[in-house]
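Trainee: One structure follows; several queries about it will come next.
There are 2 protein chains.
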Amino acid sequence: MEYPSKLIEDAVNEVSKLPGIGKKTALRLVLHLVKENENRTLALTESLNKLRANIRLCKTCFNISDDAECAICRSHRRDHSMVCVVEESNDVMAIENTSQYHGVYHVLGGVISPINGIGPSELKIEQLLQRLTQKKNEIQEVILALSPTMEGDTTAFYINRKLKEMNMKVTSIARGVPVGGNLEYTDEITLGRSITARIIFD
Amino acid sequence: MEYPSKLIEDAVNEVSKLPGIGKKTALRLVLHLVKENENRTLALTESLNKLRANIRLCKTCFNISDDAECAICRSHRRDHSMVCVVEESNDVMAIENTSQYHGVYHVLGGVISPINGIGPSELKIEQLLQRLTQKKNEIQEVILALSPTMEGDTTAFYINRKLKEMNMKVTSIARGVPVGGNLEYTDEITLGRSITARIIFD
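Taken in sequence, the protein lines are chains A and B. Residues in the first sequence are numbered from 2 upward in steps of one, following this note's numbering. Residues in the second sequence are numbered from 2 upward in steps of one, following this note's numbering.
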């Protein structure tokens, strides 16, 4: 694609580095900004710069936070005896949206993935073990809420082994046929496991 | 959606104002920036600010340009006797990519759309007429390359009437069945018109 302007080309190159944004979408977004008032672009870039400069990770759970400790870790209304281990901050948001969990979290910052060069030391696993040791009497249960993928399973397996050494109660989120799902269209592995791991009908 | 941070929320609100970007996509993009190096965000925001501050419209054809006059209008290799009238800068890019046109352009900046409050005076139509009057001896043909929509047709009709008063040769890009298209799946209006406006087989 030939661009009529070097400025456009540079902007398209930067925007298209974002995940899921190709050159065509980037061009559409950039031309939209050019057509709109300059204040719109300034508001956008300022909010991103401010975010990037000021965002922090909560010192306890490593969720993204405006302050040194996040609102969930600071809250007295949360059940601090349960720690839910997730990959990323957006998993916290997804679980919060269900309104079904009232404990606290621990954000690993990813999953073990040798192919991408991510080992246990790149994640907040050591910090999780420290946290559990420090609050040994307070924390009763660790819930593993990792993606049902190879990497997620590997990470869950690794953490589970470490936690068993500490005699911690470890649970995992349930896996099976999704609500509203059609058996016919459920993949064989999920369906097979949902039969093996069947639950008592009550 | 509850966000863990005011900074995230502000950034998501700004990003989701972009066309075709919803809150979920905006959140994904914002979390991606948070995870990456701060320099990435700075490079992105700088390129957008620089673009918005320095981009100009070519004084002749109103295409976006880094300079007072765009590269196409300045070029001696282009055929300055043909002016192709388009809606937006991306239409220029699309036509340039075909390598089938060697004339110059005129970018209207939109189409007549009473429903959006855009009349002929909001577009660069007056500037087109002035340009044609000034270069009366040079410009031989005006090609209308507007979208085959209600608004595009209205705009083409309006411009055509004005140009006929000036005794200018006015043509329009061909409309018909797209190359590689399947007759069965072509809409009736396009197919109907392609029969009415049939061409001699050579």
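Note that beta-carbon positions come from the ideal geometry of N, C-alpha and C, so glycine has one too. Computed from a predicted structure; not experimentally measured.
Throw me the rounded Cβ distance for the valine 112 of chain B and cysteine 62 of chain B pair, which I believe falls under 8 Å.
Mentor: The Cβ separation is near 17 Å, so there is no contact.
Trainee: Using a C-beta cutoff of 8 Å, does valine 31 of chain B count as contacting chain A?
Mentor: yes
Trainee: Does the segment 117 to 126 of chain A come into contact with the segment 148 to 162 of chain A, if we say contact requires no fewer than three beta-carbon pairs (one atom in each stretch) closer than 8 Å?
Mentor: yes
Trainee: Please state the DSSP three-state secondary structure of isoleucine 174 of chain B.
Mentor: Reduced to three states, the DSSP call for isoleucine 174 of chain B is coil.
Trainee: Note down, in chain order, every chain A residue with its Cβ under 8 Å from the Cβ of asparagine 117 of chain B.
Mentor: Near asparagine 117 of chain B there are no residues of chain A at all, since even the closest Cβ is about 13 Å away, more than 8 Å.
Trainee: Take the Cβ of histidine 210 of chain A as the centre, count every other Cβ of all protein chains shown within 10 Å, and call the residue buried at 16 or more, exposed below.
Mentor: Chain A is shown from 2 up to 203; residue 210 of chain A falls before or after that span and cannot be answered.
Trainee: Could you check where the beta strand (DSSP E) with leucine 129 of chain B kicks off and where it finishes?
Mentor: Careful: leucine 129 of chain B lies outside any beta strand (DSSP E), inside the alpha helix (DSSP H) at 126 to 135.
Trainee: What residues in its chain sit with their C-beta under 8 Å from that of glutamate 166 of chain A, if we drop five residues either side in the sequence?
Mentor: none
Trainee: What is the DSSP secondary structure of cysteine 74 of chain B, reduced to helix, strand or coil?
Mentor: helix
Trainee: Does DSSP classify tyrosine 102 of chain B as helix, strand or coil?
Mentor: coil
Trainee: Under the rule that 16 or more other beta-carbon atoms within 10 Å means buried, what is isoleucine 160 of chain B, buried or exposed?
Mentor: So isoleucine 160 of chain B counts as buried.
Trainee: Do you know how far the Cα of histidine 81 of chain B is from the Cα of leucine 192 of chain B?
Mentor: 34 Å
Trainee: Please compile the residues from chain B whose C-beta is within a distance smaller than 8 Å of the C-beta of glutamate 39 of chain A.
Mentor: Arg53 and Ala54
Trainee: Please list the terminal residues of the continuous alpha helix (DSSP H) segment that includes methionine 151 of chain A.
Mentor: 151 to 166
Trainee: Hey, is the segment 71 to 79 of chain B in contact with the segment 68 to 77 of chain A, meaning 3+ C-beta pairs nearer than 8 Å?
Mentor: no
Trainee: Please state whether DSSP places isoleucine 22 of chain B in a helix, a strand or coil.
Mentor: coil
Trainee: Per DSSP, which residues does cysteine 85 of chain A bridge with? Please list them.
Mentor: A:Tyr106 and A:Ile144
Trainee: Please classify threonine 46 of chain B as buried or exposed, where buried requires at least 16 neighbouring CB atoms within 10 angstroms.
Mentor: With 16 or more other Cβ atoms within 10 Å, it is buried.
Trainee: Of all Cβ atoms in chain B, is any one closer than 8 Å to the Cβ of tyrosine 102 of chain A?
Mentor: Contact with chain B is absent for tyrosine 102 of chain A, since none of that chain's Cβ atoms lies less than 8 Å from the residue's Cβ.
Trainee: Which one of B:Asn50, B:Phe202, B:Leu147 and B:Ser90 has the shortest CA to CA distance from threonine 42 of chain A?
Mentor: Taking only the C-alpha atoms, the option nearest threonine 42 of chain A is B:Asn50.
Trainee: Would you report the Cα separation of arginine 53 of chain A and glutamate 39 of chain B, rounded to the nearest angstrom?
Mentor: 6 Å
Trainee: Out of B:Glu139, B:His103 and B:Asn91, which one is the CA nearest neighbour of serine 1 of chain B?
Mentor: Nothing can be reported for residue 1 of chain B, as the shown portion of chain B is limited to 2 through 203.
Trainee: Can you tell me which of the three DSSP states isoleucine 96 of chain B falls into?
Mentor: Isoleucine 96 of chain B: helix per DSSP, three-state reduction.
Trainee: Compare the Cα-Cα distances from valine 35 of chain A to each of B:Glu139, B:Asp67, B:Ile190 and B:Cys85 and report the closest residue.
Mentor: B:Asp67
Trainee: Between B:Met83, B:Glu152 and B:Glu88, which has its C-alpha nearest glutamine 101 of chain B's C-alpha?
Mentor: When only C-alpha atoms are compared, the closest one is B:Met83.
Trainee: Between A:Glu10, A:Lys25, A:Gly177 and A:Asn117, which lies nearest to threonine 197 of chain A when the distance is taken from Cα to Cα?
Mentor: A:Gly177
Trainee: How is isoleucine 190 of chain A classed by DSSP in three states: helix, strand or coil?
Mentor: Assigned with DSSP and collapsed to three states, isoleucine 190 of chain A falls in helix.
Trainee: List the residues of chain B that histidine 149 of chain A touches, going by C-beta distances under 9 Å, in chain order.
Mentor: It is proline, not histidine, that sits at residue 149 of chain A in the sequence shown. In chain order: nothing, as chain B lies at least about 20 Å away.
Trainee: For tyrosine 4 of chain A, does the count of other Cβ atoms within 10 angstroms reach 16, so buried, or fall short, so exposed?
Mentor: buried
Trainee: Roughly how many whole angstroms lie between the Cα atoms of isoleucine 140 of chain B and arginine 132 of chain B?
Mentor: 9 Å
Trainee: Could you say which of B:His103, B:Val93 and B:Asn98 lies nearest to serine 76 of chain B if we only look at CA atoms?
Mentor: The alpha carbon of serine 76 of chain B has as its nearest neighbour, out of B:His103, B:Val93 and B:Asn98, the alpha carbon of B:His103.
Trainee: Measuring CA to CA, which of B:Asn14, B:Glu88, B:Asn55 and B:Gly21 is closest to serine 114 of chain B?
Mentor: Nearest of B:Asn14, B:Glu88, B:Asn55 and B:Gly21 to serine 114 of chain B, Cα basis: B:Glu88.
Trainee: Buried or exposed: isoleucine 56 of chain B, going by 16 or more other Cβ atoms within 10 Å of its Cβ?
Mentor: buried
Trainee: Could you spell out the range, first to last residue, of the alpha helix (DSSP H) harbouring glutamate 47 of chain A?
Mentor: Segment 39 to 55, the alpha helix (DSSP H) holding glutamate 47 of chain A.
Trainee: So what does DSSP say about isoleucine 9 of chain B, is it helix, strand or coil?
Mentor: helix
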